[in-house]
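Quick notes on the structure that follows.
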Amino acid sequence: MRRVLQLVSLLWLFLGQVHSRPGDNFWEAVHRLSDQDEGSEILHFLQTGHLPSKSASSGQPGSESTPFFTSQPIIADRWYGPKMEAFRPGIRSGTTSEGTSNLVSDHSSERKGTSQSEQMSASAKEASSTPLHKPPQITAPRPLSKLERISILKPVGDKFGLNIRPYTAAEIHPYTGAWLTSELITEAFGTTNTKLRSFQEDIYLLPSKRVQEEPVASKSDGGMAMTGPRNRHIYVWKKIAPPFGAPGFVFQFVGAITAGREARRSLGYLKGFKTAREAIAIGPDSLYNGLYVQPAR
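Numbers -20 to -1, 1 to 277, taken from mature numbering (1 follows the signal peptide of the UniProt record, and there is no 0), label the letters of the sequence shown in order.
Structure follows, in structure tokens:
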């Protein structure tokens, strides 16, 4: 239909040009324009009455136009015609901004999935590690009586008295709890940084933390009426070698004393020992430590 309208327009507008320009073949020109259907050539013909040469349309005389190839997709625009789409790595052709956000969310979910898998693998690794178990040949020793505890605590209290002049013996606190809870073990057995101090054969002293607060588990779980700041408290343990050459040691909790000055300074001259604090309660007043006690450097 478009070609018919063009032919009609050409017939009316350029009828006079046929007579004024006898050298031009009007009908041949119309036929060529209708076959080529090029708007710029039609406009050129309307203005000049001549068809543009092939060399003029190509932009380079005597050469034919070379087609342009691109890997970028062509998008048709209804107002401005064909245009090139910007290429962004990782985004498919025709992807909208919504698709871009989906792609970003996919990457974040992938990273989230990776971190979750790492956490699961770390949890599985932790679960697969061998926990501390009491060897079957180790049994809990008989709990100490109150008299036995006092007999062990009294020499310690006499050594680290509340006052030197006039002399006042330290307060002694025998352990009277029903079982060694994890909170009490943490409070009275200390950490790996705290050295065990050798007082007598198989009797070890352990200073409390350097804090002013009163102990909690020693009172609630240990039944010991301890007062004053914790940095003056000394915990007393009795070491027992396990039978049949089993590794580690068994420790019996005797009780505690309240010293006259800061506990770590009072015990500084005693020989120090170290051991890992991997302990499990095996009796009312005893725990099993799976590693040997070694002299501290």
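Just so you know, even glycine gets a beta-carbon here, dropped at the ideal spot from N, CA and C.
Per the coordinates, the alpha-carbon of Arg129 lies some 19 angstroms from the alpha-carbon of Phe229. In this structure, Thr174 is the residue among Ile152, Thr174, Ser131 with its C-alpha nearest to the C-alpha of Val273. Contact between Gly208 and Thr171 fails: their C-beta atoms lie close to 22 angstroms from each other, not under 8 angstroms.
DSSP places Lys134 in the uninterrupted alpha helix (DSSP H) bounded by 126 to 139. In the DSSP assignment, Phe169 falls within the unbroken alpha helix (DSSP H) covering 162 to 169. Put simply, the backbone Cα of Ala261 is about 15 angstroms away from that of Leu271. In the displayed model, Ser200 falls within a helix according to three-state DSSP. A straight line joining the alpha-carbon of Arg241 with that of Arg212 spans about 6 angstroms. Per DSSP, the continuous alpha helix (DSSP H) segment holding Arg245 begins and ends at 243 to 246. Among the bridge pairs identified by DSSP, Ser266 is matched with Gln232.
Contact between Gly235 and Leu133 is confirmed by a C-beta separation of about 5 angstroms, below the 8 angstroms threshold.
Between Gln232 and Ser198, the C-beta gap is not smaller than 7 angstroms, which leaves the two residues out of contact. Under DSSP, Ala259 forms a beta bridge with Asn269. Beta-bridge annotation (DSSP): Trp159 is not paired with any residue.
The three-state secondary structure of Arg177, taken from DSSP, is strand. The DSSP-derived three-state label of Pro154 is strand.
Under the three-state reduction of DSSP, Gly252 is assigned to strand. Pro187 sits close to Ile214, with the two beta carbons spaced by under 7 angstroms. With a cutoff of 7 angstroms on beta-carbon distance, Lys189 and Pro154 are scored as not near each other.
Of the other Cβ atoms in all chains shown, 16 or more fall within 10 Å of the Cβ of Arg177; this residue is therefore buried. Nearest to Gly137 by alpha-carbon distance, out of Arg122, Ala243, Leu124, Trp159, is Ala243.
Under the criterion of beta carbons closer than 8 angstroms, Tyr184 and Trp159 do not qualify as touching, at roughly 21 angstroms. The C-beta distance from Tyr268 to Ile118 rounds to 6 angstroms, short enough to meet the 8 angstroms contact threshold. According to the DSSP assignment, Leu142 belongs to no beta strand (DSSP E), since it is labelled neither H nor E. In the DSSP assignment, Thr119 forms no beta bridge with any residue.
Taking Pro227 as reference, the option from Ala149, Leu142, Ala259 with the minimal CA-CA separation is Ala259. Comparing alpha-carbon positions, the option among Glu163, Ala168, Thr156, Pro223 lying closest to Pro121 turns out to be Pro223. Closest option to Ala276, judged by alpha-carbon separation, among Thr148, Gly157, Thr255: Thr255.
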